[in-house]
Amino acid sequence: IVSLLRKYQKFGFVFDHIYGFEITQIDPKNVYEKSLPEEFIPAYHWINVGVSAEEENKLNPLHSVVKKFNKDDFVVVKLDIDTSSVEVPLMKQLLDDKDGVFSEIVDQFYFEHHVHLGELAGSWGSSMEGTIAQSLEWFSLLRKKGIPAHYWP
Numbered sequence: 002i003v004s005l006l007r008k009y010q011k012f013g014f015v016f017d018h019i020y021g022f023e024i025t026q027i028d029p030k031n032v033y034e035k036s037l038p039e040e041f042i043p044a045y046h047w048i049n050v051g052v053s054a055e056e057e058n059k060l061n062p063l064h065s066v067v068k069k070f071n072k073d074d075f076v077v078v079k080l081d082i083d084t085s086s087v088e089v090p091l092m093k094q095l096l097d098d099k100d101g102v103f104s105e106i107v108d109q110f111y112f113e114h115h116v117h118l119g120e121l122a123g124s125w126g127s128s129m130e131g132t133i134a135q136s137l138e139w140f141s142l143l144r145k146k147g148i149p150a151h152y153w154p
């Protein structure tokens, strides 16, 4: 997340709210002392109990965080929890946009879709699901709905 925040800083964007969800618990000392620069601590909200892809679940970041903003807020969503079984359903919720709120709220969407790709099999292992063609199709559909979608990294 820090590299994305730094990219936005170069263009004058400073986020006043940064939400980080984990798929599994992480030692807070590793996050706050080693990974997160001090300048981001005042804006950082960390949910260290596991992400849910269930649509109305309070641990679903799209439900509990993104839907709480409005179209005047600048909202960037980076989906990268390295677990396809949770990431893909979350991405599909953005794509389905059942109540039309995501296309109004989400200004930028970054997704590390763990597709079947030989060069990355060593890093992604069993989390690989889908194809590059599928990613491109999803990104195209998201863009048609008004959600600029990009690969991460």
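As numbered in the numbering used here, residues 2 to 154 make up the sequence shown, in order. Quick reminder that beta carbons are idealized off the backbone N, C-alpha and C, glycines included. These numbers come from a predicted model, not from an experiment.
The beta carbon of VAL76 lies closer than 6 Å to those of PHE70, ILE106, VAL107 and ASP108 in the same chain, with the five residues before and after it left out. A straight line joining the alpha-carbon of PRO29 with that of PRO38 spans about 13 Å. Residue nearest to ASN49 within the set GLU57, ASN61, GLU56 and PRO43 is ASN61 (criterion: CA-CA distance). About 5 Å separates the beta carbons of VAL66 and TYR20, which is inside the 8 Å limit, making them a contact pair.
The continuous stretches of alpha helix (DSSP H) do not include HIS46, which lies in the beta strand (DSSP E) extending over residues 45 to 48. With fewer than 16 other Cβ atoms inside 10 Å of its own Cβ, LEU137 counts as exposed. Taking the Cα of ALA54 as reference, the smallest distance to any Cα among TYR111, PRO43 and MET92 is reached at MET92. CA-CA distance, ASP83 to ILE27, rounds to 14 Å. The DSSP assignment places 62 to 65 as complete runs of the alpha helix (DSSP H) inside the region 47 to 93, in order along the chain (cut-off: 4 residues). Looking at the DSSP output, ALA150 bridges to PHE110.
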